[in-house]
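Colleague:
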DNA sequence: GTGAAGGGCCAC
DNA sequence: AAACGTGGCCCTTCAC
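Numbering (this note's numbering), first residue to last: 38 to 628.
#1: So, using beta-carbon positions, are residue 344 and residue 386 closer together than 8 Å?
#2: Tell me residue 516's beta-bridge partners as DSSP assigns them.
#3: Let me confirm a value: residue 197 is counted as buried when at least 16 other C-beta atoms fall within 10 Å, else exposed. Which label applies?
#4: Consult DSSP for residue 616 and reduce its assignment to one of helix, strand or coil.
#5: From what residue to what residue does the alpha helix (DSSP H) around residue 464 run?
#6: What residue from 311, 378, 83 has the CA that sits closest to residue 206's CA?
#7: Secondary structure at residue 90, three-state DSSP: helix, strand or coil?
#8: Buried or exposed for residue 210, going by 16 or more other Cβ atoms inside 10 Å?
#9: List the whole-angstrom C-beta distance separating residue 267 from residue 157, where the pair is believed to meet the contact cut-off of C-beta under 8 Å.
#10: Counting Cβ pairs, one atom from each stretch, are 3 or more of them under 8 Å apart for the segment 130-143 and the segment 55-73?
#11: Could you name the residues of the same chain whose beta carbon sits closer than 7 Å to that of residue 110, not counting the 5 residues immediately before and after it, in chain order?
#12: Counting pairs of beta carbons, one from the segment 413-421 and one from the segment 579-592, are three or more of them closer than 8 Å?
#13: Check whether the segment 231-240 touches the segment 558-577, taking contact to mean three or more Cβ pairs, one atom from each stretch, closer than 8 Å.
#14: Can you list, in chain order, the residues of its chain with a C-beta nearer than 6 Å to that of residue 383? Leave out the 5 residues immediately preceding and following it.
#15: Within this structure, are the beta carbons of residue 179 and residue 151 separated by less than 8 Å?
#16: Roughly how many angstroms lie between the CA atoms of residue 219 and residue 478, to the nearest whole one?
#17: Let me check understanding here. Comparing Cα to Cα, which of 276, 449, 80, 250 lies closest to residue 399?
#18: Got a sec, what are the start and stop residues for the alpha helix (DSSP H) residue 423 sits in?
#19: Identify whether residue 55 lies in helix, strand or coil by the three-state DSSP scheme.
#20: I'd like to check one pair, residue 486 with residue 476: are the Cβ atoms closer than 8 Å?
#21: Run the CB neighbour count on residue 187, radius 10 Å, all protein chains shown included, and call it buried at 16 or more, exposed below.
#22: Residue ranges of each beta strand (DSSP E) run of no fewer than 3 residues wholly in the segment 82-140, ordered along the chain?
#23: Give the range of the alpha helix (DSSP H) segment to which residue 604 is assigned.
#24: Pull the bridge partners of residue 170 from the DSSP assignment, please.
#25: Looking only at its own chain, which residues have a Cβ that is under 8 Å from the Cβ of residue 431, when we skip the five neighbours before and after it?
Here is the structure:
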């Protein structure tokens, strides 16, 4: 592939390049960096292309003392990148946006992200891959050689091969986008694409912001758990070795308490009637009769805390900022939910002892907001069930309100048991629970569980018919969509009853979970726009929860901005059901 | 040594 | 060994 490019390393060259680039309002955009982490490396190249000619800007030529900040010559580049009317096409634009933000101080606006577009068009097909090379092959039939990606971008003089590679990645973006635009239109994915693209910058900023972890407090908590773990491990070891014959001859036989196999053998030797798996929910019923089982469950709890939420999380603290900058994948699940890793901030135990370690930095506050029952509100909207909707409109405790209807008692006669029962059923419905599982969960017999569910659906008749009709439709049509139009194509073996049932549960759940993700993403963009120029910074998101850090003086205003963003976003997607977000100002991450 | 698979468990 | 959906991380085991 012949690539026409200009290498830019002078002020005049940059001026000419930008004059040329301004002739097109849709530009391919890419960067080359010396590291993957913007806090570690150098932003070496910025490449921009109109689809025919590319300009490869060597930023090292514009740096003073290793910094690009304050260089007036770069102002036109800054203007181009931040201009929302000029589309910047990038693959995984979050990456480039982070480097532009941190090294140029520039917010990239008008993003078209070919990585996210590729994921949206794949509609949940897990066989599809979404690297630039894969997308170029799939959409344009172009073979891309990515071997230069990992070349040395810190070299004093970059080779012609490197520059040509850099230019090429920018030049192909235009045709890739043109192909994708057609597919987004024909698959009716334009609205969800816009939603995803406008969310890139808020997420890029959130990753740069990071979240503050109080290290001494975390270590203190860690020591407590370590002590508990050692004691529990010792006791469990003692109890298990009682069942090992050689114990008295060679001293205590050491059992690897983390080994599924060894623990099962030891328990069998002790005469415990072992179920097929040693998972907690299966062992729970045996815990009362066999103290050793109770001890095992106790051990598992502390062991998990220590391994997953121990020392290792401290290694993620970035020395430059003293904060944790996790990786968020914007379309982490086919439903549209985020996933998070290194570390996963979405699975920090709810236990206050852990969450209270995540705090605001000195002089700051955390503003924490979460959507109230968002998934159930979405289900109410989709089903159009008046009783379901009324329970939300009236503003009372939803689980209590549904219990009142199911049990046929007045709201003030609802007992804790009734509420808990209704709550478990309400959540179960969202996941497509069956009577047998519900029975196991509540201790009801199969018949009693069936009766309860019949009564529930007898109360919420339109919910019942929605679930039935939609379940039938999605098996026939093999696709489902969220409120933003996000698409999932279902794949299942039509001859397999299990696969059909599984596809039905998945297909019922996806639009609910996915619409919740749509609403969260929209709220992040609205929040981003409303806190611009203030001290407020997005620091974490957990599916239906948003955490913002700001100066203490701006906490009240930030709380108002956050609540407005979340509720406005909800109202864009839900018309029949009110949307509620609970907001609080705190020093620590806690409920 | 390294990496994939399976089991288990944390979050929403 | 879930007939309750989505993730990531840790551990052991086992193949290469």
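No residue lacks a Cβ here, since even glycine has one placed at the ideal position from N, Cα and C.
Modeller: On the basis of the coordinates in this document:
#1: No, these two residues do not count as a Cβ contact at 8 Å.
#2: Looking at the DSSP assignment, residue 516 forms a beta bridge with 526.
#3: Residue 197 counts as exposed, since fewer than 16 other C-beta atoms from the protein chains shown sit within 10 angstroms of its C-beta.
#4: Shown here, residue 616 sits in coil according to DSSP, grouped into three states, outside any helix or strand.
#5: That run of the alpha helix (DSSP H) goes 453-467.
#6: Comparing Cα-Cα distances from residue 206 to each of 311, 378, 83, the minimum goes to 83.
#7: Collapsing the DSSP output to three states places residue 90 in a strand.
#8: Result: buried.
#9: With a Cβ gap of about 49 Å, residue 267 and residue 157 do not count as contacting.
#10: A contact exists between the segment 130-143 and the segment 55-73.
#11: Correct list, in chain order: 48, 51, 99.
#12: Verdict: no, contact absent.
#13: Enough Cβ pairs lie closer than 8 Å, so yes.
#14: Spatial neighbours of residue 383 in its own chain (CB-CB distance under 6 Å, excluding positions within 5 residues in sequence) are listed in chain order as 377, 579.
#15: No, they are not a contact pair.
#16: Distance between the alpha carbons of residue 219 and residue 478 is about 48 Å.
#17: Nearest in C-alpha terms to residue 399, of all of 276, 449, 80, 250, is 250.
#18: Here the alpha helix (DSSP H) through residue 423 covers 423-430.
#19: Reduced to three states, the DSSP call for residue 55 is helix.
#20: Closer than 8 Å, so yes.
#21: Counting Cβ neighbours within 10 Å, residue 187 comes out exposed, since fewer than 16 surround it.
#22: Under the rule that a run must span 3 or more residues, the beta strand (DSSP E) segments found entirely inside the segment 82-140 read 90-95, 124-127.
#23: Per DSSP, residue 604 belongs to the alpha helix (DSSP H) from 592-610.
#24: According to DSSP, which records beta bridges pairwise, residue 170 is partnered with nothing at all.
#25: Within its own chain, the residues whose Cβ lies closer than 8 Å to the Cβ of residue 431, once the five positions on either side in sequence are excluded, are 438, listed in chain order.
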